[in-house]
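S.K.:
Residue numbers (the working numbering), protein chains in the order written: chain S, 16 to 185; chain X, 1190 to 1546.
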């Protein structure tokens, strides 16, 4: 679709206006849209992914933590980046930031990707170990539950599986 | 040395037009974002920490060379290259513009064929990239994967069992993969359908942008289609999704080309030959004008309207006429006016040469 104004560039700004139930559509290129002051459009010249992300973050409803509490601005113990820094620049300081800010990261990742669960490639050398360790952790939790509920037979099975994994890792 | 060759040679391994549907899909690219566990990322790292990353990755690349996974790769700090040389690497898509902004601790490893590059200390510690001719993101991913495995033998990657590879920007978390295809879509642009078709890809988790030019303008009608989502899907799913959408766009472009031929063959012939005429005779050519005219000629060649120009020549012209390469080949810094004059001369020469061959 070409811009309705200049009829040269491809239209990338699509406006739908509904006034008194009258719907009108207009398709413009970025340049013409900018020229038309009446559209009340301000185009950010430095429109980068980081700005966009920062916007997404600043827009978040802080229902997970009450506002104003100092904990809301936690600091990564590894690199020293504050959560508020991350919000501003849209980039973490190191891989540990993901752990430190995990509670906030999960919803953010779901917003960006529609998912927060990696199902792709796992690093050969370190990744499998990591996955096994995580599995062992999960089994341990299950084991604790079983013991609590006095399901000793199942608990014994779990214990053996955990032992097996631990042996594998070492 | 690989780098010297890549800097001076015209045609890299992915530019020979040998890949599938190379007449519309000029090239495919896959890049993986990887980081070293717990080390500060380039944007906050101090000099010493940046050096540490360079040393660790340098070792891993030496090991990669010993294994021969990607053939011999040359590892060089960007600071050791002239500004012009750096720019040539950008024009050849081996280095991102962002890496040039990265300061003194940036480096790149490049293979002999000019198809593989590993950028160090860009936004992430590592960016592993592979370029292929035509519609071959699968092959590009296969090669990136092998290099990734090799490097991982020596590097402790930042990885989380739940959310995958950890990257500087959360938009790359998970697989860290960005796969893209460069598409030449002159017929869709000509009939005014490019915006509509490309607008819908956003709903499929893909993004599209002009390869050259500013904002939405796609100079030379070359668009880059890439995945946006990196988490919650396997690399294979992401690649297959991209290929499937690219194939549909390619079909639409082909249909538009057939329609144009049927409804106005003479008009189209006139257009592409006029462009050919300008390119083979002009004395001053801006890069913007050159890109548009190249697009016409490429269309003419694809449709058999201009029989005597081959795809390699067209791909080489894209490199040859880039501002940095132009100056590098001439061995001198030039003003933009001088570049436009030089560009016209180079194109005339190349087309005349092509005719003889």
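Heads up, the beta-carbon is just placed ideally off N, CA and C, and yes, glycines get one too.
Could you give the distance in angstroms between the alpha-carbon of residue 1499/X and the alpha-carbon of residue 1368/X?
M.R.: Those two C-alpha atoms are separated by around 27 Å.
S.K.: Whole angstroms are fine: how far does the CA of residue 166/S sit from the CA of residue 1350/X?
M.R.: 29 Å
S.K.: With contact counted as at least three CB pairs below 8 Å, one residue from each stretch, are the stretch 1274 to 1283 of chain X and the stretch 1511 to 1522 of chain X in contact?
M.R.: yes
S.K.: Which residues, taken in chain order from the stretch 1359 to 1377 of chain X, show a beta carbon closer than 8 Å to some beta carbon of chain S?
M.R.: Within the stretch 1359 to 1377 of chain X, the residues whose Cβ lies closer than 8 Å to some Cβ of chain S are 1359, 1360, 1362, 1363, 1364 and 1366, listed in chain order.
S.K.: Who are residue 1346/X's beta bridge partners in DSSP?
M.R.: 1225/X
S.K.: Spell out whether any CB of chain X is found under 8 Å from the CB atom of residue 161/S.
M.R.: no
S.K.: So, does the CB of residue 38/S fall closer than 8 Å to a CB anywhere in chain X?
M.R.: It does not; no Cβ of chain X falls within 8 Å.
S.K.: Identify every residue that forms a DSSP beta bridge with residue 16/S.
M.R.: Residue 16/S is not bridged to any residue.
S.K.: Name the two residues that bound the continuous alpha helix (DSSP H) containing residue 120/S.
M.R.: Its alpha helix (DSSP H) spans residues 117 to 128.
S.K.: So with CB distances below 7 Å, who are the chain S contacts of residue 1381/X?
M.R.: 16 and 17
S.K.: Mind checking if residue 106/S is an interface residue toward chain X, Cβ cutoff 8 Å exclusive?
M.R.: yes
S.K.: How would you label residue 1473/X, buried or exposed, when you count the other beta carbons within 10 angstroms and need 16 or more for buried?
M.R.: exposed
S.K.: By DSSP, does residue 1194/X sit in helix, in strand, or in coil?
M.R.: Three-state result, residue 1194/X: helix.
S.K.: Along the alpha helix (DSSP H) that carries residue 1436/X, what are the first and last residues, could you check?
M.R.: 1424 to 1470
S.K.: For the stretch 133 to 148 of chain S, which residues have a CB atom closer than 7 Å to at least one CB atom of chain X, in sequence order?
M.R.: 133, 134, 135, 136, 138, 139, 140, 141, 142, 145 and 146
S.K.: Would you identify the three-state DSSP class for residue 1516/X, choosing helix, strand or coil?
M.R.: helix
S.K.: Per the DSSP calculation, residue 1308/X is bridged to which residue(s)?
M.R.: 1297/X and 1316/X
S.K.: Beta-carbon of residue 1226/X versus every beta-carbon of chain S: anything under 8 Å?
M.R.: yes
S.K.: With a threshold of 6 Å on Cβ separation, who are the neighbours of residue 1318/X within its own chain once the five nearest residues in sequence on each side are excluded?
M.R.: 1220 and 1306
S.K.: Taking Cβ-Cβ distances shorter than 9 Å, what residues in chain X pair up with residue 129/S?
M.R.: 1394, 1418, 1420 and 1421
S.K.: Using three-state DSSP, classify residue 38/S as helix, strand or coil.
M.R.: It is a strand residue.
S.K.: Using beta-carbon positions only, say whether residue 1370/X and residue 1214/X come within less than 8 Å of one another.
M.R.: yes
S.K.: Buried or exposed: residue 173/S, going by 16 or more other Cβ atoms within 10 Å of its Cβ?
M.R.: buried
S.K.: Can the beta-carbon of residue 1344/X be found closer than 8 Å to that of residue 113/S?
M.R.: For the 8 Å CB-CB criterion, residue 1344/X and residue 113/S do not form a contact.
S.K.: Going by other Cβ atoms of all chains shown within 10 Å of its Cβ, with 16 needed for buried, is residue 1312/X buried or exposed?
M.R.: Label assigned to residue 1312/X: buried.
S.K.: Would you say residue 89/S faces chain X, with C-beta separation under 8 Å as the test?
M.R.: no
S.K.: Please return the same chain residues whose Cβ sits closer than 6 Å to the Cβ of residue 1361/X, not counting the five positions on each side in sequence.
M.R.: Result list for residue 1361/X: 1222 and 1419, in chain order.
S.K.: So the alpha helix (DSSP H) residue 1416/X belongs to, where does it begin and stop?
M.R.: Where residue 1416/X is concerned, there is no enclosing alpha helix (DSSP H), although the beta strand (DSSP E) it sits in stretches over 1411 to 1416.
S.K.: Please confirm if residue 1485/X has its CB atom under 8 Å from at least one CB of chain S.
M.R.: no
S.K.: Alpha carbon to alpha carbon, what distance is there between residue 1335/X and residue 1248/X?
M.R.: 17 Å
S.K.: Does any C-beta atom of chain X lie closer than 8 Å to the C-beta of residue 26/S?
M.R.: yes
S.K.: Taking only three categories from DSSP, how would you classify residue 145/S?
M.R.: In the three-state DSSP reduction, residue 145/S falls in the helix class (H, G or I).
S.K.: Just reading off the beta strand (DSSP E) that residue 1246/X is part of, what are its end residues?
M.R.: Counting along the chain, residue 1246/X falls outside any beta strand (DSSP E), though it belongs to the alpha helix (DSSP H) covering 1236 to 1256.
S.K.: Which parts of the stretch 1359 to 1403 of chain X are runs of the beta strand (DSSP E), unbroken and 3 residues or longer, counting only runs that do not cross its ends?
M.R.: 1366 to 1373 and 1395 to 1399
S.K.: Touch check for the stretch 1237 to 1245 of chain X and the stretch 1288 to 1305 of chain X: three-plus C-beta pairs under 8 Å?
M.R.: yes
S.K.: Output, in sequence order along the chain, the residues in the stretch 1343 to 1356 of chain X whose CB is closer than 7 Å to any CB in chain S.
M.R.: 1345, 1346, 1347, 1348, 1349, 1350, 1351, 1352, 1353 and 1355
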